[in-house]
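Below: one structure, written as structure tokens.
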Amino acid sequence: MDDWSLLSEVDVLAKLPEQFNEWLESKKWTERRDALQSLVTEMAKTPRLDPKVDYFSITQSLRNVLAKDANINVCALAAKCITGLANGLRTKFAQFATLYISVIFERFKEKKSTLRDPLIECIDAIALTVNLDMLVDELSSCFNKPNPQIKLQACNFIYRVMKNHSQTSAPKKTIKAITPILVKFTADPDAEVREAACIGLGSIMRLTGDKVMNTFLGNLQEDKAKMKKICDGRDQAITEYNEEVKRKKESVPCENVAVSSADAVANGSTVEGTESVAQEIDPWDMLDPVDVLAKLPGNFMEDIDSKKWQERRDALQSLLVLCHENPKLCPKANYGEFILEKDANINVCAVAARCLTAFATGLRKKFAQYATLVAPTIFEKFKEKKPVLRDPLIDCIDAVAASTTMEALAEDIQAALNKQNPHIKIQTNLFLYRVFKRHNPQTVPKKVLKLLAPIIVKLTGDSDPEVRDASYAALGAAMKAVGEKLCMALLADIAEDKMKMAKIRDFYEKAVQEAGTDVVSIMVQSMHKSNDWLIMPVV
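Counting in full-length UniProt numbering, the sequence shown runs from 1 upward without gaps.
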């Protein structure tokens, strides 16, 4: 809770002089100035404004003054009035934000600090009242103006506004739209614009991390001088962000920290903790979804039905290439026709598995409802020992599992574990090892583990030594996920077998080392929400 929250809400419009509107439309700039000054003065006395008051008329009037008044002093006061309204109403001002963006940036043509500085305060105040992604169209339009002063202030604004966010609240839509513009500005004829663009990109890099930023930078990465400026901007943004977090923590009483954080989130800004390095955000989120089916060659379906396995393979390979070039798939495309029935050729199946992996990773949650359609076939295909098919199948089942929950796959996993073929049992157990090791006691699917544990325990006595080892691995990862005490209850039948328990503990330690004690799987974080439209290739 800050000081503003403790103030009374005041109707400042009721306190304005009777001649306010008359003065505001006067031909004398001094009278227009005095009218605006009276509003600035009243808001300074009572910074928290009553949100129930109708501000539509005053916001329209201030916009007109800022857009059309020829006097720089009057415009400066209009900017201060808008700043006062934004600060006084906070999120209640968001409905007016789009009114001002284009006008403010147009006014940035003015170099004099008399107007420039109030405009900077104004645009920063407005940005705190609204989700920045709601302004992306207005910002993109303004940033493409040819005037160098507008471009300069656009870059400076991006540097400042990105510091309002942590990695978890990064305005991804804005970053995606604005970053290419700033990249273009790094080659601007104006030296100040080039410098500011690099610094602005650095502030964005603090949020995105190097990997995502590099996808935007392209050939710019080869320019060492500019890359140094971008990295310097990132480091400067990290330092300033941390200093601001520290300042706010020191100024907020301990009992009010939770309220303060909630206010920050509501304003689209965060004070979540210090950063020493930029954390990576998911590059997939920054990509445009693509309809790869529309890009397939005209003879695709004909080749898929060909009796020649090479033509079937090549057709799938063309689909795979498109998926690799476009990792985020369009959920509006119709994949219903693209059902690949079982193929006897191992090479065709391998490419089909890779295509299925690409679909699962390219659609993520949208793929969840189809996971149970393809999982049984994937498990069944594990009977093939050759790495040419086995390895793509491993990637495929992991990608499919990441799109859904373990509860949804439980019956298919149970059926696979009960198969007679040893290779199916081996790969299913190793799949469970990879899944369970990424869970902790809070995230582990306990019902699934309870269902599968008796079968896995039984497989520790299988006649095939590789099946036994794979089952030890699955149980060791389960111990890591659920905790030793609870896991021992599941292992009651073999708890006294020292040799088996020693191997399970070996895999437990291996799982802890590989995943850490508190790692949560991506598949837990990306739970399914919506579902529609997709039928995927079946290997």
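Note that CB positions come from ideal geometry on N, CA and C, so glycine has one too.
All figures in this text were calculated on a predicted structure; none of them were measured in a lab.
What's the C-alpha gap between residue i and residue j?
i      : j      : result
Ala416 : Leu459 : 12 Å
Ser306 : Glu466 : 38 Å
Val130 : Lys365 : 28 Å
Lys176 : Ala453 : 45 Å
Gly84  : Lys27  : 25 Å
Met205 : Arg354 : 32 Å
Gly200 : Lys45  : 35 Å
Leu89  : Leu6   : 14 Å
Lys249 : Glu243 : 10 Å
Cys75  : Leu99  : 16 Å
Leu319 : Cys198 : 38 Å
Asp497 : Glu484 : 16 Å
Thr59  : Ala67  : 12 Å
Asp188 : Cys122 : 26 Å
Leu180 : Leu220 : Sequence check: residue 180 is Pro here, not Leu. Answer to the nearest angstrom: the Cα atoms are 11 Å apart.
Lys308 : Pro392 : 22 Å
Ala410 : Met286 : 33 Å
Val257 : Asp2   : Caution applies to Val257, whose pLDDT of 41 falls short of 50 and renders its modelled position unreliable; the value that the coordinates give is listed next. Spanning the two alpha carbons is a distance of roughly 10 Å.
Val10  : Val136 : 32 Å
Leu373 : Asp395 : 17 Å
Gly362 : Ile504 : 35 Å
Ser102 : Leu16  : 28 Å
Phe367 : Val400 : 8 Å
Thr174 : Gln19  : 42 Å
Asp8   : Ala97  : Residue identity check: residue 8 is Ser in the sequence provided, not Asp. Rounded to whole angstroms, Ser8 to Ala97 spans 24 Å at the Cα level.
Ser463 : Asp469 : 11 Å
Going by other Cβ atoms of all chains shown within 10 Å of its Cβ, with 16 needed for buried, is residue i buried or exposed?
i      : result
Ser203 : buried
Leu389 : buried
Ala266 : Any reading at Ala266 needs caution, since the residue's pLDDT is 37, under 50, leaving its predicted position unreliable; the model's value is listed next. So Ala266 counts as exposed.
Asp518 : Residue confidence is low: Asp518 scores 43 on pLDDT, short of 50, so the model does not pin down where it sits. Its coordinate-derived value is still stated next. Flag for Asp518 reads exposed.
Gln427 : buried
Trp23  : buried
His439 : buried
Ala35  : buried
Lys425 : buried
Asn429 : buried
Ile339 : At Ile339, the pLDDT of 46 sits below 50, so the modelled position is not reliable; the number obtained from the coordinates is stated separately. Flag for Ile339 reads exposed.
Val321 : exposed
Gly233 : buried
Pro331 : buried
Who are the near neighbours of residue i in its chain, counting only those whose CB is closer than 7 Å to its CB and skipping five residues on each side?
i      : result
Glu514 : Lys437
Looking only at its chain, what residues have a beta carbon closer than 6 Å to the beta carbon of residue i, apart from the 5 residues adjacent to it on each side?
i      : result
Asn421 : Lys383
Ala477 : Tyr433, Phe436, Lys437, Ala511
Met479 : Cys487, Tyr508
Asn147 : Lys109
Going by CA-CA distance only, name the one from the options that's closest to residue i.
i      : options                        : result
Leu119 : Arg32, Asp235, Leu319, Arg63   : Arg63
Val512 : Leu329, Met501, Ser251, Ala473 : Ala473
Ala86  : Cys75, Tyr55, Leu115           : Tyr55
Lys229 : Gly461, Asp282, Tyr159, Asp291 : Tyr159
Phe157 : Ala352, Ala196, Glu325         : Ala196
Ala360 : Leu373, Ser403, Lys419         : Ser403
Val12  : Ile378, Val321, Val40, Met301  : Val40
Ala489 : Asp50, Arg468, Leu449          : Leu449
Thr443 : Thr405, Ala470, Gln317, Leu451 : Thr405
Asp69  : Arg32, Met301, Ser57, Pro51    : Arg32
Gln149 : Thr186, Lys111, Ser169, Lys184 : Lys111
Asp291 : Ser140, Arg313, His324, Asn299 : His324
Lys80  : Asp117, Lys328, Phe93, Arg48   : Asp117
Asp398 : Asp282, Pro47, Ile413          : Ile413
Quick check on residue i: does DSSP put it in helix, strand or coil?
i      : result
Leu128 : coil
Leu16  : coil
Leu491 : coil
Ala49  : First, the amino acid is wrong: residue 49 is Leu here, not Ala. In the structure shown, Leu49 sits in a strand (DSSP, three-state: E or B).
Val444 : coil
Leu459 : helix
Leu329 : strand
Leu7   : coil
Gly336 : Per-residue confidence for Gly336 stands at a pLDDT of 46, beneath the threshold of 50, marking its modelled position as unreliable; the derived number appears in the next sentence. Correct three-state label for Gly336: coil.
Ser261 : In this prediction, Ser261 scores a pLDDT of 36, lower than 50, which makes its location untrustworthy; the coordinate-derived value is nonetheless stated afterwards. Residue state, collapsed to three classes: helix.
Asp2   : coil
Going by beta carbon distance, what residues of the same chain come within less than 8 Å of residue i, once the five residues before and after it are set aside?
i      : result
Glu311 : Asp303
Gln37  : Leu77
Leu486 : Pro441
Val161 : Asp124, Ala127, Leu132
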